[in-house]
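Below is one structure; the comments refer to it alone.
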Amino acid sequence: MTPNGKSATRIAVLDDYQAVVERMADWHSGEHPLDPVFFHDHLTDEDALVERLLDFDIVVVMRERTPLRAEVIKRLPRLRLIVTTGMRNAAVDANAGVLVCGTESLGTPTVELTWALILALQRNLRREEESLRNGHWQSGSIGSGLAGSTLGVLGLGRIGTKVAAVGLAFGMNVIAWSHHLTPQRAGEGGAEWVSEDDLFQRSDVLSIHLQLSSRTAGLVTERHLHSMKSTAVLVNTSRAGIVDQDALVAALGSRRIGGAGLDVFD
């Protein structure tokens, strides 16, 4: 109970690994008093999760880090609202009787991170930085240029189209495929529509920009990875579940592909 007699709404913010969420918003200036609690760890046990959330009215989840299945939600009688970062969250059951809403995302940070990973891979930045820190200069690796090479975009939506535009600015040939992509839509996004197999076989850089769903889960298989060029790199800033993780580790371990830049983990 607050000094003015109003009961504060209790908010649980889950999986704030970097301890940044509290300073990203003003949690206390509204007319209705709020009592936010920020959790920096991650619970995998559902019983422990339910115990943690029993006294909260609202739960805020960071992307898909903690699944909120119907079985969990129904054990939380006080829960009135679930808020997820982004407008879609495959890990939250939206049909469990509790209102679910999301926040709009800009998309541009993902585009920028995608290109940071691509450039780091093409120019061997990590290897060269490590070499310099160990007292060496120009260790012998030579970076690869992007102009004239082929950028494959798996998912030419809002983010994929912006990634493609940067590829064109670098002088790359841009190709794209996804289940619903048409040649006309690909052309509007500055890309050439190709078949699924051609996308993997022709790409020097393959960048993934799909939503995770039953249709896209495990979409990138061992067969796809084995069809790629040995010098090609794969970049995933979408969801780890789109790629067969074991197959990717094996392809990297055997040097079947040239490298991977990952912002997501299963």
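Residues 202 to 467 in the working numbering are what the sequence shown lists, from first letter to last. From the three backbone atoms N, C-alpha and C, an ideal C-beta is built for every residue, glycine too.
Next on the checklist: For ASP246, tell me which candidate among ASP256, VAL260, ARG270, ASP227 has the shortest Cα-Cα distance.
Outcome noted: The residue labelled residue 246 in the question sits at position 45 within the sequence shown. Closest option to ASP246, Cα to Cα, is ARG270.
Item to check | Where the alpha helix (DSSP H) containing TRP361 begins and where it ends | outcome: Numbered from its first residue, the sequence shown carries residue 361 at position 160. In the sequence as presented, Trp is not what sits at residue 361; that position holds Gly. GLY361 -> alpha helix (DSSP H) spans 359-370.
Checklist entry - On the three-state DSSP scale, how would you describe ASP242? => result In the sequence shown, the residue the question calls residue 242 occupies position 41. Coil.
Item to check | C-alpha gap between SER415 and GLU265, whole angstroms | outcome: The residue you call residue 415 lines up with position 214 of the sequence shown. The residue you call residue 265 lines up with position 64 of the sequence shown. Near 15 Å, if we compare the C-alpha coordinates of GLU265 and SER415.
Checklist entry - So, is THR432 buried or exposed, given that buried needs 16 or more other C-beta atoms within 10 angstroms? => result Residue numbering aside, residue 432 sits at position 231 when the sequence shown is read from its first letter. Its Cβ having fewer than 16 others within 10 Å, THR432 is exposed.
Item to check | Length at least 3, wholly inside the stretch 209-270: the beta strand (DSSP E) runs in chain order | outcome: 210-214, 235-239, 259-262
Checklist entry - Using the C-alpha atoms, what's the distance from THR417 back to GLU223? => result As a working mapping, residue 223 is identified with position 22 in the sequence shown. As a working mapping, residue 417 is identified with position 216 in the sequence shown. Roughly 33 Å between the two C-alpha positions.
Checklist entry - Is it buried or exposed for SER439, if we count other Cβ within 10 angstroms and need 16 for buried? => result As a first step, residue 439 must be located in the sequence shown, where it is residue number 238. Buried.
Item to check | Residue burial classification, THR315 (beta-carbon count within 10 angstroms, cutoff 16) | outcome: Taking the first residue of the sequence shown as 1, we reach residue 315 at position 114. Buried, since its Cβ has 16 or more Cβ neighbours within 10 Å.
Checklist entry - Would a C-beta distance cut-off of 9 Å place ALA291 and GLN412 closer than the cut-off? => result As a first step, residue 291 is located in the sequence shown; it is residue number 90 there, counting from the start. As a first step, residue 412 is located in the sequence shown; it is residue number 211 there, counting from the start. A contact, by the Cβ cut-off of 9 Å.
Next on the checklist: Taking its Cβ as the centre, do 16 or more other Cβ atoms sit within 10 Å of VAL293, making it buried, or is it exposed?
Outcome noted: Start at 1 with the first residue of the sequence shown, and residue 293 comes out as number 92. With 16 or more Cβ atoms within 10 Å of its Cβ, VAL293 is classed as buried.
Checklist entry - For GLU305, is the classification buried or exposed, using 16 other Cβ atoms within 10 angstroms of its Cβ as the cut-off for buried? => result Within the sequence shown, the letter at position 104 stands for residue 305. So GLU305 ends up on the exposed side.
Next on the checklist: Excluding the 5 residues flanking ASP217 on each side, which residues of the same chain have their C-beta closer than 8 Å to its C-beta?
Outcome noted: Taking the sequence shown and counting its residues from 1, the one referred to as residue 217 is at position 16. So the qualifying residues of the chain are GLU223, PHE239, PHE240, HIS241, MET263.
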